[in-house]
Amino acid sequence: MRRLPPWGNDMLIYAHRGYSAKYPENTISAFKAALPHVDGIELDVQLTRDGRLVVIHDETVDRTTNGSGFVKDMTLRQLRLLRTESGERIPTLEEVLVLIEPSDVTLNIELKTDQFDYDGIEYLTWLAVTEFKLEQRVVFSSFNPDTLVRLRDIAREARIAVLTGDGHPNLVEFVERVGAEAVHAQPEFIGTRDWMTLREQNRLIRLYTINDPNELPDMTGVNAIMTDEVEQFQSRSHQ
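Take 68 as the starting number for the sequence shown in our numbering and just add one per residue.
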């Protein structure tokens, strides 16, 4: 008999930037390592100078590679010359979609437009997802409200989640406006008035980033968590 996780049978587990506690974040090795353990994988997408979709969190390459500079100022060829601490290249979104496609996991693509408003990133990302016929398995999120509005205008069927950090003015109204299925929030969001309203509307709540099973908040009304510590929170369906 399998042991039930302490957070319950229905809690879904997403790997935050892949299995980033053991492997460099947002790398193919981190995504491969996460796949056997989770229900979903979260990653970040930005746009190169020549219009290619690449998977990296920061707007610069300084923290995660041996290079320096803004992603937006580099071509894909220039980015591919850089290496992470494990010797890997920055992956393209297409490479990750190739990896994910044979599995059954959900992919959460965060469009990193909160600092730079990459022209056309919404359309290009949606196009890449549709080419792999993964529309039903991909959730798009962003801190930038304009990005989510543009994405909804492009794709009425897109699955959208609103990212909120320290607060989002008129959150409930915006969720309704873009037809978001979920809100991705920090644990402090639990118990707020917006949380209660969204629960009444049957919106999904996914929390980030939780790495210690002993410090879980009350999981009532939470549908998923995102974690770097993948095996600490291994999904029941992947045990």
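All C-beta atoms in this analysis are idealised placements derived from N, C-alpha and C, irrespective of residue type, glycine included.
- Contact annotation: alanine 228 and glycine 107 have beta-carbon atoms that are not nearer than 8 Å.
- Restricting attention to beta strand (DSSP E) runs no shorter than 3 residues, the region 116-203 encloses them at 120-122, 173-178, ordered along the chain.
- By the 16-neighbour rule on beta-carbons within 10 angstroms, glutamine 113 is buried.
- Residue state for aspartate 77 is assigned as coil, using DSSP reduced to three classes.
- Counting C-beta pairs with one atom in each stretch, the region 191-204 and the region 141-148 have fewer than three that are closer than 8 Å, which means they do not touch.
- Listed in chain order, the non-local C-beta contacts of alanine 82 below 6 Å within the same chain comprise Ala101, Val105, Ile108, Val297, local neighbours out to five positions each way being set aside.
- If you ignore the 5 residues before and after proline 91, its C-beta comes within less than 7 Å of the C-beta of Ala97, Thr131, Thr151, Glu152, Ser153, Glu155, all in its own chain and listed in chain order.
- Looking at the backbone, the Cα of arginine 226 and that of alanine 247 are separated by about 7 Å.
- Linking leucine 178 to asparagine 281 through their CA atoms gives a straight-line distance of about 31 Å.
- Counting along the chain, no beta strand (DSSP E) covers leucine 102, and no H or E run does either.
- A residue is called buried once 16 or more other Cβ atoms fall within 10 Å of its Cβ, and valine 242 is buried on that count.
- Taking each of Leu230, Phe137, Thr294, Gly232 in turn and checking the Cα distance to tyrosine 185, the smallest one comes out for Phe137.
- Glutamate 189 counts as buried, since no fewer than 16 other beta carbons sit within 10 angstroms of its beta carbon.
- By the neighbour-count criterion, in which a residue is buried when 16 or more other Cβ atoms sit within 10 angstroms of its Cβ, glycine 232 is exposed.
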